[in-house]
Each structure stands twice: as structure tokens, then as C-alpha cells.
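Notes follow the structure.
2 protein chains.
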Amino acid sequence: MTLKVYADRMSQPSRAVIIFCKVNGIEFEEIKVDLSKRQNLSPEFKEINPMRQVPTIVDGDGRFKLFESHAILIYLACASPGVADHWYPADLFKRAKINSVLDWHHSNLRRGAAEFVLNSALAPALGLPLNPQAAAEAEKILSASLGMIESFWLKGNGPFLLGSSQPSIADLSLVCEIMQLEVLDEEDRNRILSPHKKVLQLIEETRNATRPHFDELHAILYKVKARLRELRVAGTMTGDKPSSTTE
Amino acid sequence: MTLKVYADRMSQPSRAVIIFCKVNGIEFEEIKVDLSKRQNLSPEFKEINPMRQVPTIVDGDGRFKLFESHAILIYLACASPGVADHWYPADLFKRAKINSVLDWHHSNLRRGAAEFVLNSALAPALGLPLNPQAAAEAEKILSASLGMIESFWLKGNGPFLLGSSQPSIADLSLVCEIMQLEVLDEEDRNRILSPHKKVLQLIEETRNATRPHFDELHAILYKVKARLRELRVAGTMTGDKPSSTTE
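Right, here's the structure in full:
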């Protein structure tokens, strides 16, 4: 049976897993779990992942279920024939450094970016109010994290994390997270991202290394951004809080 | 050159790494970085880890520096001869599940436990005020995480995570996190932990599997708990906020 990937392309780790499969020629079936319609809370999806999170994969004749995108990327890199070594090097030292980036990501870039985007832009599309105070707190973590990527993780000669000349699963995971900032107001996005030139270069290098899948997977962000703008305008005109879902 | 482990035993991931080394007979030098004295902010330690976090290891003639405790545990399990397979199984599927637990830990148990302990007990020892509102938010995440460990990660026949009969690095990491609750008031600790009988059993099984190192490494918590009680009493008597460090 084909690998099943339960995903919502609005979820940054979902995109990372799908891009990885496409770039590496891993055959899979993409099954949409629409977070804006709360399909992740359905009893059917709870059977697949009691944590109710995407992405989740089912492999090995339906017997092997796995969630958490970093664990999924590592599994796919190790289990799939033909995945180039640079994605998750067999070398113990290189692999350890990639694990270190991935672990760091959880409490730093991911936390800052996900909470900032939710509280400053995405909340209305999920039926939640915007929260400027939470957004301000998250922006501190996000900006510090981008600064650390710029000054530390991108130290070295190559354009990718850890000074590599080719991308790893860590580049894919972090860049998909940073791309979530595309749904923000231009002003917010530029204030946060533009000071970090090497981070901007990392995005371009990762896009180039994963063409055409990178742009295909991120197309949804620009549609949602336009929809959020409409919701804001409607909210301003009627004085109502926008509360509908993204689709 | 011997492996160097930069650690503070008050840090739960530091304890996990040191217990792992001791249980597996890995020779190492423990170098204390006293967080309460802000030694992690020193220029010397910044050279070793720009993120200024413990634990950090230096291996391979001083050339290989690594931080993030999960990455360290995986590196040590793979690089050290004689580490039993159950700590980080070579089997692809078992290893993927352990990675999944470790990734889940970051945004769930670790986030809830670390923030609850800081904001409800430990802050005065670090010169910070207690924050009951942040503690209340953290308690929700902490209790939900303990519930998920009880009902999902401890499903199965064996007493360890993922139904195993022997511990993995995930058991060590999560149990060291839960042990941090020992510094809390009895009332807080019991309210949060006592509903989770299988979690309490997991702590005992992990203690038994790593004797005598588990108790040796956790002894500091009971000293700090007594010190925090003194600080609270002193604060109540004088009306001052306690502000000194733990040592």
C-alpha cells in the first residue's frame, strides 16, 4: 500500500513533508485534513492520530502510524531508497548537528513564528480573535530566532544551515516555517524578515533546490493572505469581528 | 580527550545526559555551569555554546561541540560502544517512534512543566518574580501532557513509553522533566501528578533501571526545595520578595 500523508498545506510542517516526498520521488497519497474546518478533530482522524495534529503518515500496509514532522522526515530519509545523503547524512557528526538544529527549532523559531502568525493574522480564519499582546511576545522570540539563524546556524561557506552546500531536512523544516510569514501584512513581514539577509537567501536557495514543488506547495499562502485582507476590510466596514474559515 | 559535559544538575535535560553517561559507562568530565549564578552568560561559555544553554558537550579532541539534550542523547547512544540497543533501537520503526515522543515532548510536557515550575516555584531563586497567571496557563499544558502520556504514550504491555519493557532515551528525558515537579509545594505537586498512576509508575521503573545514578542526580532538587521554602518564609516575615540565588 502507498504511503499516506495526512496534511493541510496551510500547516508548515505538512508542507515540509510533502515537498520532501515530491523532491525525492517518494510515492504517496496526500489526504487533506482541513484544519479550518476542524477535520483534525473528527473521530476518524483521532483513530489515526490521537494528538489530532498534521502531518501524520501511515505506512507499511496501514500498520505504521507516525506523527511529528521531524520524526517523519527522518523516517522517510532513512526508509526510502534513493534519498540523497545530504538530506540526512549518515555521518554521525553531521547527523548530530542536524538533530541539534531540529530540536532547537521547536522552542525557538517554531514557537515564535507560529504564535506570531496566529495572533497577528490567522486567528480570524480559525474563528478566533486576534491577540496583539500574545503577538508582541511571540515577535520577540521570532526575531531573536531569526537573528540566531543569521548569525549562528548560517555561519560557514555554504548557503544552507550548518554551512552546507546542499539542503538537509533542517533547511526544509525551518524554511517552511519562515514561509508562513507570507500571510502577514506586508509591513509586519518586512519589519521582521528584512533585517536578515542571509535568511532571505536561505529561502531562495531552498526554493531553487526544491523546484517546482516549493512554489506549488506555498501557493495556498498567497490565497489565504488575500482572503484575510478581505476579512479585515469586511470587519472594518461592519464593525464585526471576522469569524469564518479560510475556505 | 575525555568527553566534556557542561551541565547544571538543576536543569532537567542536564540530568538526563549525565544519568545516560553514568548508566552506560561512558567516561566523561562534568563541568558545572551554575545557572543561578548566570555562568551560562559568561563570555567563556558563549564560546562553547552561543545559545548559552546547558547541557552542552564537547567531544572529539575538543573539536565537536553539540547542544540540545535530545541530539546529545542520540549522538552518545550511536557513538558510544556498548550502549544497549533499547536506549535508541537500530530498528527503523522503533527509532521513529522514539523520535516522535522526543519531538512531541518539546511543545507539550517540556513547555508545560518548565514554565509551571519556573512561575510557581523557582523564579525567586533566579531573582525573578513568581507569575501566577503564567503558572495557571502552563498548568493546563502540563496536565494535558501528563494525561496524554498516561493514556497514549504508556499504552501497551511494558511499563515504559511505547509499551517497551526496557527504557529508551525518551523515558529518561521525559522522566527527568517530570521529576522537576519535586521542587513544588506538596499541594501543587500532588494536585498535578497524583491523577496519573501510570506516570508515577514510569518514574519508579526509570529510577529502578538507572540506580543508583537516578537518585544521585536528583538529590539537588530536594535541597533546592528546602531552600525555596526558607525563601518563602523569609519573604512572608519581612514582606520582601525573595531575590537571592539558590547557592
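Just so you know, the sequences run in chain order Z and L. Just so we're on the same page, the working numbering is the position in the first sequence counted from 1, plus 21. Just so we're on the same page, the working numbering is the position in the second sequence counted from 1, plus 21. We treat Cβ as the ideally placed atom computed from N, Cα and C, and that holds for glycine. As the structure is a prediction and not an experimental result, all values here were calculated from the model.
Does any C-beta atom of chain Z lie closer than 8 Å to the C-beta of L:Thr23? Residue mapping note: residue 23 of chain L aligns to position 2 of the second sequence, counting from 1. No - not a single Cβ of chain Z is within 8 Å of the one on L:Thr23.
Does the Cβ of Z:Cys197 have 16 or more other Cβ atoms within 10 Å, making it buried, or fewer, making it exposed? Along the first sequence, read from residue 1 onward, the residue named residue 197 of chain Z stands at position 176. Classification for Z:Cys197: buried.
Determine the extent of the beta strand (DSSP E) in which L:Thr77 is found, giving its start and end residues. If you number the second sequence from 1, residue 77 of chain L lands on position 56. Here the beta strand (DSSP E) through L:Thr77 covers Thr77 to Asp80.
Which of the residues in the stretch 91-113 of chain Z, read from start to end, lie with their CB under 9 Å from any CB of chain L? Within the stretch 91-113 of chain Z, the residues whose Cβ lies closer than 9 Å to some Cβ of chain L are His91, Ala92, Ile93, Ile95, Tyr96, Cys99, Ala100 and Leu113, listed in chain order.
Roughly how many angstroms separate the alpha carbons of Z:Ile69 and Z:Lys86, rounded to a whole number? If you number the first sequence from 1, residue 69 of chain Z lands on position 48. If you number the first sequence from 1, residue 86 of chain Z lands on position 65. The straight-line gap from Cα to Cα measures roughly 7 Å.
Counting contacts by CB-CB distance shorter than 8 Å, is Z:Ala117 in contact with chain L? For the purposes of this step, residue 117 of chain Z is taken as residue 96 along the first sequence, with counting starting at 1. By this cut-off, Z:Ala117 is an interface position.
Cβ-based neighbour list, L:Leu163, same chain, cut-off 6 Å, excluding 5 preceding and 5 following: Locating residue 163 of chain L in the second sequence gives position 142, where the first residue counts as 1. Excluding positions up to five away in sequence, the list reads Gly133, Ala134 and Phe137.
Counting beta carbon pairs with one atom in the stretch 95-113 of chain L and one in the stretch 54-65 of chain L, are three or more of them shorter than 8 Å? They do not touch, by the three-pair rule.
Beta-carbon separation of L:Phe41 and Z:Ser121 under 8 Å? By one-based count along the second sequence, residue 41 of chain L stands at place 20. By one-based count along the first sequence, residue 121 of chain Z stands at place 100. Against a cut-off of 8 Å, the Cβ pair of Z:Ser121 and L:Phe41 comes out as no contact.
Under 8 Å Cβ-Cβ, which residues of chain L neighbour Z:His127? For this step, residue 127 of chain Z is matched to residue 106 along the first sequence. Listed along chain L, the residues sitting closer than 8 Å to Z:His127 by beta-carbon distance are Asp124, His127 and Ser128.
For Z:Val37, which residues from the same chain have a beta carbon less than 7 Å from its beta carbon, with the 5 sequence-adjacent residues on both sides left out? Mapped onto the first sequence, residue 37 of chain Z falls at position 16. The identity of residue 37 of chain Z in the sequence shown is Ala, whereas the question assumes Val. For Z:Ala37, where only same-chain residues beyond five positions count, the Cβ hits under 7 Å are Ser90, Leu94, Leu193, Ser194 and Cys197.
Hey, is the stretch 223-232 of chain Z in contact with the stretch 176-187 of chain Z, meaning 3+ C-beta pairs nearer than 8 Å? The stretch 223-232 of chain Z, when compared against the stretch 176-187 of chain Z, does touch it at the 8 Å Cβ threshold.
Euclidean distance between Cα positions of Z:Pro34 and L:Pro102: Within the first sequence, residue 34 of chain Z is the residue found at index 13, counting from 1. Within the second sequence, residue 102 of chain L is the residue found at index 81, counting from 1. Approximately 35 Å between the Cα atoms of the pair.
Report back the beta-carbon spacing between Z:Ile52 and Z:Leu238 to the nearest angstrom; my notes put them in contact at under 8 Å. Translated into positions along the first sequence, residue 52 of chain Z becomes position 31. Translated into positions along the first sequence, residue 238 of chain Z becomes position 217. About 15 Å separates the two Cβ atoms, so there is no contact after all.
Less than 8 Å separating the beta-carbons of L:Ala159 and L:Leu151? Stepping through the second sequence from its first residue, residue 159 of chain L is reached at position 138. Stepping through the second sequence from its first residue, residue 151 of chain L is reached at position 130. For L:Ala159 and L:Leu151, no; Cβs fall outside 8 Å.
Assuming L:Leu202 and L:Ser166 form a contact by the criterion Cβ under 8 Å, report the distance between their Cβ atoms to the nearest whole angstrom. Position 181 of the second sequence holds residue 202 of chain L. Position 145 of the second sequence holds residue 166 of chain L. At roughly 12 Å, the Cβ-Cβ gap does not stay under 8 Å, so L:Leu202 and L:Ser166 are not in contact.
Within chain L, partners of Z:Pro273 - CB distance below 7 Å: Residue 273 of chain Z falls outside the range modelled here, since chain Z spans only 22 to 268, and no answer is possible.
At 8 Å on the CB atoms, spell out the chain Z contacts of L:Tyr89, in chain order. Position 68 of the second sequence, counted from the first residue, corresponds to residue 89 of chain L. The sequence shown places Glu at residue 89 of chain L, not Tyr. Correct list: Asn120, Ser121, Asp124 and Trp125.
Just mark Z:Ser172 as buried or exposed, buried being the case when its beta carbon has 16 or more other beta carbons within 10 Å. Translated into the one-based positions of the first sequence, residue 172 of chain Z becomes position 151. So Z:Ser172 ends up on the exposed side.
List the residues of chain L that Z:Phe85 touches, going by C-beta distances under 7 Å, in chain order. Reading the first sequence from its first residue, position 64 is the one you call residue 85 of chain Z. Those are Phe114, listed as they occur along chain L.
Residues near L:Pro153 in its chain [Cβ-Cβ closer than 8 Å; skip 5 each side]: For this step, residue 153 of chain L is matched to residue 132 along the second sequence. If you ignore the 5 residues before and after L:Pro153, its C-beta comes within less than 8 Å of the C-beta of Asn140 and Ser141, all in its own chain and listed in chain order.
Please go through the stretch 73-159 of chain L and give each complete beta strand (DSSP E) segment of 3 or more residues, from N-terminal end onward. Listed in chain order, the complete beta strand (DSSP E) runs (minimum 3 residues) inside the stretch 73-159 of chain L are 77-80 and 85-88.
What are the uninterrupted segments assigned as beta strand (DSSP E) that are 3 or more residues long and contained completely in the stretch 195-266 of chain Z, given in chain order? Along the length of the stretch 195-266 of chain Z, whole beta strand (DSSP E) runs at least 3 residues long do not occur.
Beta carbon of L:Tyr96 nearer than 8 Å to that of L:Val54: Here residue 96 of chain L refers to the residue found at position 75 of the second sequence. Here residue 54 of chain L refers to the residue found at position 33 of the second sequence. Note that the C-beta distance between L:Tyr96 and L:Val54 is not below 8 Å.
Report, in whole angstroms, the separation of the C-beta atoms of L:Val75 and L:Asp29, which I expect to be a contact under 8 Å. For the purposes of this step, residue 75 of chain L is identified with residue 54 of the second sequence, where counting begins at 1. For the purposes of this step, residue 29 of chain L is identified with residue 8 of the second sequence, where counting begins at 1. That pair is a contact at about 5 Å.
Let me know if Z:Pro180 comes out buried or exposed under the rule of 16 or more other beta-carbons within 10 Å of its beta-carbon. Locating residue 180 of chain Z in the first sequence gives position 159, where the first residue counts as 1. Per the 10 Å Cβ criterion, buried.
Cβ neighbours of Z:Val254 in the same chain (closer than 7 Å, five flanking residues each side left out): Against the first sequence, residue 254 of chain Z aligns to sequence position 233. Once the five neighbours on either side are set aside, Z:Val254 has no close Cβ partner at all.
Using only the alpha-carbon positions, how far apart do L:Lys43 and Z:Lys176 sit? Against the second sequence, residue 43 of chain L aligns to sequence position 22. Against the first sequence, residue 176 of chain Z aligns to sequence position 155. Those two C-alpha atoms are separated by around 34 Å.
For chain L, is any of its Cβ atoms less than 8 Å away from the one on Z:Arg30? Reading the first sequence from its first residue, position 9 is the one you call residue 30 of chain Z. Judged by the 8 Å Cβ criterion, Z:Arg30 is not in contact with chain L.
Comparing alpha-carbon positions, which option in L:Ser32, L:Leu24 and L:Thr23 lies nearest L:Ile241? Numbered from its first residue, the second sequence carries residue 241 of chain L at position 220. Ranking the options by Cα distance to L:Ile241, first place goes to L:Ser32.
Residues that L:Glu51 bridges to, as DSSP identifies them: Taking the second sequence and counting its residues from 1, the one referred to as residue 51 of chain L is at position 30. Secondary-structure assignment with DSSP links L:Glu51 through a beta bridge to L:Val26.
On a Cα-Cα basis, can you pick out the residue from L:Phe49, L:Arg73 and L:Glu50 that is closest to L:Leu56? Your numbering for residue 56 of chain L matches position 35 in the second sequence. Checked all of L:Phe49, L:Arg73 and L:Glu50; the closest Cα to L:Leu56 is L:Arg73.
Determine the DSSP secondary structure at L:Asn178, reduced to helix, strand or coil. Looking up residue 178 of chain L in the second sequence gives position 157. It is coil, neither helix nor strand.
Residue nearest to Z:Glu50 in terms of C-alpha spacing, selected from Z:Glu226, Z:Pro71, Z:Lys67 and Z:Thr77: Numbered from its first residue, the first sequence carries residue 50 of chain Z at position 29. Checked all of Z:Glu226, Z:Pro71, Z:Lys67 and Z:Thr77; the closest Cα to Z:Glu50 is Z:Thr77.
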